[in-house]
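Asks:
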Amino acid sequence: MHKFLLYFSLLPSLVFCQTYSLTDLLKMADTANVSLKNARLEIASNVNQRKAFLASQYPKITASGDYRYNAIIPGQIVPADFFGGPPGTFAEVKFGVPINLSNTVQLTQFLFNPQLNYGLNALAINAQIVQIQERIAFQEVHYQVSNAYFALQAINQQMAFLQKNENNMVELIRNMELMVAQGLVIPTEVDKLKINRNNLSNGILKLENTRLQLQQLLAILVGLPSDKTIEIANDEITSNPTIVESTNALRPELELIQLQKQMNLEERKGTYMTYLPTLSFYGAYNYNYNMKPENNFRTGIPSAFLGLRLEWTLFDGFEKQNKLKVNAYNKEKIQNQEILAAQQLNLATANAKRDAELQTANLAMNQEQLTLSERVYEATKAQFKAGTISTNELLQADSGLQQAQSNVVGAYLQLRQAELTYLKSISQLK
81 MHKFLLYFSL LPSLVFCQTY SLTDLLKMAD TANVSLKNAR LEIASNVNQR
131 KAFLASQYPK ITASGDYRYN AIIPGQIVPA DFFGGPPGTF AEVKFGVPIN
181 LSNTVQLTQF LFNPQLNYGL NALAINAQIV QIQERIAFQE VHYQVSNAYF
231 ALQAINQQMA FLQKNENNMV ELIRNMELMV AQGLVIPTEV DKLKINRNNL
281 SNGILKLENT RLQLQQLLAI LVGLPSDKTI EIANDEITSN PTIVESTNAL
331 RPELELIQLQ KQMNLEERKG TYMTYLPTLS FYGAYNYNYN MKPENNFRTG
381 IPSAFLGLRL EWTLFDGFEK QNKLKVNAYN KEKIQNQEIL AAQQLNLATA
431 NAKRDAELQT ANLAMNQEQL TLSERVYEAT KAQFKAGTIS TNELLQADSG
481 LQQAQSNVVG AYLQLRQAEL TYLKSISQLK
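Position 11 of the sequence shown, counting from 1, maps to 91 under our numbering, and the rest follow consecutively.
#1: Measuring straight from C-alpha to C-alpha, what distance separates Gln186 and Pro382?
#2: Alpha carbon to alpha carbon, how far is Leu200 from Leu356? Give it in angstroms, no decimals.
#3: Specify, as a first and last residue, the run of the alpha helix (DSSP H) that Thr460 falls within.
#4: Taking Cβ to Cβ, would you say Gln195 is nearer than 7 angstroms to Met353?
#5: Rounded to whole angstroms, what is the Cα-Cα separation between Glu374 and Pro178?
#6: Am I right that Ile310 and Leu292 are in contact with their C-beta atoms under 8 angstroms? What's the rounded C-beta distance?
#7: Buried or exposed for Lys433, please, with buried defined as at least 16 other CB atoms from any protein chain shown within 10 angstroms of its CB.
#8: Helix, strand or coil for Gln186, going by three-state DSSP, please let me know.
#9: Using only CA atoms, which one of Glu122, Gln243 and Phe230 lies nearest to Arg215?
#10: Measure from the alpha carbon of Lys349 to the alpha carbon of each residue in Lys405, Ser505 and Ile419, then state which is nearest.
#11: Thinking Ile212 and Glu335 are a contact (beta carbons under 8 angstroms), I'd like their distance in whole angstroms, please.
#12: Buried or exposed: Lys117, going by 16 or more other Cβ atoms within 10 Å of its Cβ?
#13: When you compare only the Cα positions, how much space is there between Gln449 and Asp307?
#14: Looking only at C-alpha atoms, which of Gly490, Leu280, Lys140 and Tyr100 sits nearest to Asn248?
#15: In three-state terms, what does DSSP make of Gly380?
#16: Ordered along the chain, which non-local residues of its own chain (more than five positions away) have a Cβ less than 7 angstroms from that of Leu273?
#17: Between Leu242 and the rest of its own chain, which residues show a CB-CB distance below 6 angstroms, the 5 nearest in sequence each way excluded?
#18: Is Ala135 helix, strand or coil when you go by DSSP?
#19: Roughly how many angstroms separate the alpha carbons of Asn407 and Thr393, rounded to a whole number?
#20: Which class does Arg564 belong to by DSSP, given the choice of helix, strand or coil?
#21: Between which two residues does the beta strand (DSSP E) holding Pro159 run?
#22: Whole angstroms are fine: how far does the CA of Asp110 sit from the CA of Arg455?
What follows is the structure in structure tokens.
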């Protein structure tokens, strides 16, 4: 009965303990990573910006209402003979009534606006820019997730090595304590082994803390709660054939610079367009209602009109001329940036490729070194158990084994990072 209860109590943890592969984590990041979400929101935002700009082509209808109480009715001086008075004299005449209500509806439609095409072209270029930025964000997120994944792989492998070493040391200590009890060795020899075991235990604790930090980082990158424990599938410590020819490598950074050049050209065209006038049609209907309560006077006066409005800036204080100069400076800066970026990207790709090839050879060498160190340690441990060598010689062999294990793990991580850097430099991270 107790066995059944224990089984059912452990069942939820067994069911929900999921192991994630790198492919699983990358797919999760594609849908839940905050940076990628924001990049896609930028694309959606640009679409609506274009719709908003296109709305300027349509007629605009505005309505206004005004209520006015004239506490003092304004007057006007007119010749007195206009009312039959003596010539050469003037009289004050007041126009209007105390209360006035005015309502106006106006329609405006641009007939010619030279800035419209520039705005549409700029938004079209910006749409391409945000799409490329989303591709760059995709590569960056996949790089971060993969880097954290392989760093976690290295930590797991290093912990496995240390735990195996610790188990070996515990077994040796147990055997040595039996020999101390028989008076065959002095207690100090056991203490040397215990010091080594404590160092191994301390190393495991430090790695546990580092692993927790990496798991939290990986959880955030793929959109999971930071307190969720992520268990990952084991990756073989071997080299991967990820190095490909970069002749046709996609360079989104250079594509962005090309779009910046196009935007610079459109800005120049847009500045030239401001030399041209704008022409718009407008029409309005107004109803003005006048009241003079003391005379019980009320009357409404409607009015309506149609018109064309031409707006043309004849002199702007050399504003456009200075904008054109700034545009020319920016054009030269973009050209210089393009040359520098191409050189830097090619150099980064070449260096990453050489580094990956070097780390491949380094990993193979360290794996061979580990195999030799394991043989030496096993032989030394057998001699130690036989009593033919000292504790110091055993600890020296153990230290060499631990160093070889660390070197293999380090070479593995450096290789994976070099491969990721190379693939990112040619935008080939999947």
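Even for Gly, the Cβ is constructed at its ideal location relative to N, Cα and C.
What you are looking at is a predicted structure, and each value in this text was computed from that prediction instead of being measured.
Replies: Concretely, from the data shown:
#1: 14 angstroms
#2: 18 angstroms
#3: Glu399 to Ala466
#4: yes
#5: 10 angstroms
#6: Rounded, the Cβ-Cβ distance is 10 angstroms, inconsistent with contact.
#7: buried
#8: strand
#9: Glu122
#10: Lys405
#11: 5 angstroms
#12: exposed
#13: 38 angstroms
#14: Leu280
#15: strand
#16: Met249, Leu252, Ile253, Met256 and Thr471
#17: Leu280, Gly283 and Ile284
#18: helix
#19: 21 angstroms
#20: The structure shown does not extend to residue 564, since the chain is modelled only from 81 through 510, so no value can be given for it.
#21: Gly155 to Pro159
#22: 45 angstroms
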